[in-house]
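Per our numbering: the sequence shown = residues 196 to 517. Cβ atoms here follow ideal geometry from the backbone N, Cα and C, with glycine treated the same way. Presented below is the structure to which this report refers.
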Amino acid sequence: MNNAELRIKELVKLLNKYAHEYYTLDNPSVEDAEYDKLYRELVELEEKNPELVQNDSPSHRTGDLVLSKFEKYQHQYQLYSLQDAFSREEIEEFDARVRKVIPNPEYICELKIDGLSLSLVYENGVLITAATRGDGSIGENITEQVKRIKDVPLVLPQEIDITVRGEAYMPRKSFDKLNIERELDGEAPFANPRNAAAGTLRQLDTKVVAKRNLATFLYQEASPATHDTQEKVLEYFEELGFVVNQDRIFARSIDEIWSFIDKVADMRGKLPYDIDGVVIKVNSLAQQEELGFTVKAPKWAIAYKFPAELAETEILSVDWTV
Ligand code: NAD
């Protein structure tokens, strides 16, 4: 084995271990920035040595396996991850790739909520299933847990069949309160609101979910489109009673995108919930369809990730069964 092959194998093993801790156990042992750095190294090595790509490479997978304590749920519509960008240059590269197919795109820029993906399935306007993303095809059925999130409508004002995607998160206030209570009870505090939200939704005791005050933002229609732009979908979601994040803009140039990113970076600390970046999406759904998907992510969107904040809390081992 040459050096590249050895390193690829080592990175795949390490990253799969971290992904399992993060997605399945809600208990990461390294910071996201460390994971992102190693992931980048792997992708670069794979690009240079395509013949060495491993079958179980995380670059081909979304998330991780589902926990056996939950019923599995086969998604009707695949859930994807997002391509990452860490610099203005990478957003420029994304824009250039889009422009090869769509000469004059209009983008919509949204906050990247740092929670966990949810898929909500409504039939005749009634919530029948809520599931985690899992590996994108199979998630965990967490319907009873999600019904305890107060802002999720159980019944819509229209008797429609619709599948929507969004993010469940724990507001900072609820997170601080929860960690104080845990410390008083002699339990290990949660590492961050994202892990606290993920751990909460995996509680078999739904009373615990009700007590912990999770919230949601919905951002995507997964079932066939009822509208022709992302913005109209978001407006429709509001009519249906979903919570939609209001901090979004349209952009037609990198300068406009970048000044939104700057603004969001400034207000980030003042938001009542955690975000880890800005998602830039092509607004037209017909153009999104034209651009399509890679195995893992849409080609019509990119997530700009903010540089890592210094960790405030030491990551501790948490017993999720409590
Ligand atoms: P991601 O979190 O980088 O981005 C995709 C997700 O963003 C979507 O699935 C969706 O849930 C979410 N999202 C939030 N707001 C959105 C919006 N407005 N529009 C669309 N999507 C929105 O991708 P991922 O695959 O969930 O996770 C990868 C990241 O997880 C890594 O970059 C790393 O930071 C972290 N991770 C950390 C560890 C660790 O050990 N610390 C392990 C694995 C992954």
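Check your understanding: Is Val474 near the ligand NAD, in the sense that its beta carbon is under 6 Å from a heavy atom of that ligand?
Key -> Taking the sequence shown and counting its residues from 1, one reaches residue 474 at position 279. Yes - the ligand NAD has a heavy atom lying nearer than 6 Å to the Cβ of Val474.
Taking just the CA atoms, how far does Lys402 sit from Leu373?
Start at 1 with the first residue of the sequence shown, and residue 373 comes out as number 178. Start at 1 with the first residue of the sequence shown, and residue 402 comes out as number 207. Computed Cα separation, rounded: 14 Å.
**Message:** For the alpha helix (DSSP H) containing Gly394, name the first residue and the last one.
**Reply:** Stepping through the sequence shown from its first residue, residue 394 is reached at position 199. From DSSP, the alpha helix (DSSP H) with Gly394 extends over 388 to 396.
Query raised in the report: Considering only residues of the segment 446 to 482, which uninterrupted beta strand (DSSP E) runs meet the minimum length of 3 residues and lie entirely inside it, listed in chain order?
Result: The segment 446 to 482 contains these whole beta strand (DSSP E) runs: 470 to 477.
Are the segment 460 to 471 and the segment 233 to 240 in contact at 8 Å, needing three or more beta carbon pairs? Output reads no: the segment 233 to 240 does not touch the segment 460 to 471.
ask   = Is any heavy atom of the ligand NAD found at a distance shorter than 6 Å from the C-beta of Lys307?
value = Your numbering for residue 307 matches position 112 in the sequence shown. For Lys307, the shortest separation between its Cβ and any heavy atom of the ligand NAD lies below 6 Å.
Let me know if Leu313 comes out buried or exposed under the rule of 16 or more other beta-carbons within 10 Å of its beta-carbon. Taking the sequence shown and counting its residues from 1, one reaches residue 313 at position 118. Under this definition Leu313 is a buried residue.
Measuring CB to CB, does Val350 end up less than 7 Å from Gly320?
In the sequence shown, residue 350 corresponds to position 155, counting from 1. In the sequence shown, residue 320 corresponds to position 125, counting from 1. Contact: yes.
message = Taking 6 Å as the cut-off, is the C-beta of Val225 nearer than that to any heavy atom in the ligand NAD?
response = Along the sequence shown, read from residue 1 onward, the residue named residue 225 stands at position 30. Yes; taking the cut-off as 6 Å, the Cβ of Val225 has a heavy atom of the ligand NAD nearer than that.
Can you find the residues in the same chain that come closer than 7 Å, C-beta to C-beta, to Phe520, ignoring five residues on each side of it along the sequence? There is simply no residue 520 to check, as the chain begins at 196 and stops at 517 in what is shown.
Compare the C-alpha of Val225 against each of Ala214, Thr219, Arg235 and name the closest. Sequence index remark: in the sequence shown, residue 225 carries index 30 (1-based). Nearest of Ala214, Thr219, Arg235 to Val225, Cα basis: Ala214.
- Query: Taking all protein chains shown into account, do 16 or more other C-beta atoms lie within 10 angstroms of the C-beta of Pro245, making it buried, or fewer, making it exposed?
  - Reply: As a first step, residue 245 is located in the sequence shown; it is residue number 50 there, counting from the start. Pro245 sits exposed, since fewer than 16 C-beta atoms from the chains shown fall within 10 Å of its C-beta.
Q.
In the DSSP assignment, the alpha helix (DSSP H) including Ser369 goes from what residue to what residue?
A. Here residue 369 corresponds to residue number 174 of the sequence shown, with the count starting at 1. Run containing Ser369: 367 to 379, per the alpha helix (DSSP H) assignment.
*asked:* I want to check one thing, is the minimum distance from the CB of Ser312 to the heavy atoms of the ligand NAD below 6 Å?
replied: Position 117 of the sequence shown, counting from 1, holds the residue named residue 312. At least one heavy atom of the ligand NAD is nearer than 6 Å to the Cβ of Ser312, so yes.
Worksheet entry | beta strand (DSSP E) runs wholly inside the segment 235 to 304, at least 3 long, in chain order | With a minimum length of 3 residues, the continuous beta strand (DSSP E) runs that stay inside the segment 235 to 304 are 267 to 269.
Run through the DSSP bridge pairs and tell me what Pro493 is partnered with. For the purposes of this step, residue 493 is taken as residue 298 along the sequence shown, with counting starting at 1. Bridge partners of Pro493: Phe488.
Exercise for the section: Grab the span of the alpha helix (DSSP H) containing Thr401 for me, first residue to last. Expected result: Locating residue 401 in the sequence shown gives position 206, counting from the first residue. Unbroken alpha helix (DSSP H) run through Thr401: 401 to 406.
Next item on the list: Apply the 10 Å Cβ neighbour rule to Met196 and answer buried if 16 or more other Cβ atoms are within range, or exposed otherwise.
Entry: As a working note, residue 196 is residue 1 in the sequence shown. Classification of Met196: exposed, given that the 10 Å Cβ count is below 16.
Exercise. So what's Asn319 in DSSP terms, helix, strand or just coil?
Worked result: Taking the first residue of the sequence shown as 1, we reach residue 319 at position 124. Of the three classes helix, strand and coil, the one that applies to Asn319 here is coil, per DSSP.
What's the call for Lys208, buried or exposed, on a 16-neighbour Cβ count within 10 Å? Within the sequence shown, residue 208 is the residue found at index 13, counting from 1. When all chains shown are included, Lys208 counts as exposed.
For Leu201, does the count of other Cβ atoms within 10 angstroms reach 16, so buried, or fall short, so exposed?
Locating residue 201 in the sequence shown gives position 6, counting from the first residue. Around the CB of Leu201, fewer than 16 other CB atoms lie within 10 Å, so the residue is classed as exposed.
Would Cys304 and Ile497 be called neighbours here (beta carbons separated by less than 7 Å)? Along the sequence shown, read from residue 1 onward, the residue named residue 304 stands at position 109. Along the sequence shown, read from residue 1 onward, the residue named residue 497 stands at position 302. Taking 7 Å as the Cβ cut-off, Cys304 and Ile497 do not qualify as a contacting pair.
Less than 7 Å separating the beta-carbons of His255 and Val490? As a position in the sequence shown, residue 255 is number 60, starting the count at 1. As a position in the sequence shown, residue 490 is number 295, starting the count at 1. Cβ distance < 7 Å, so His255 and Val490 count as in contact.
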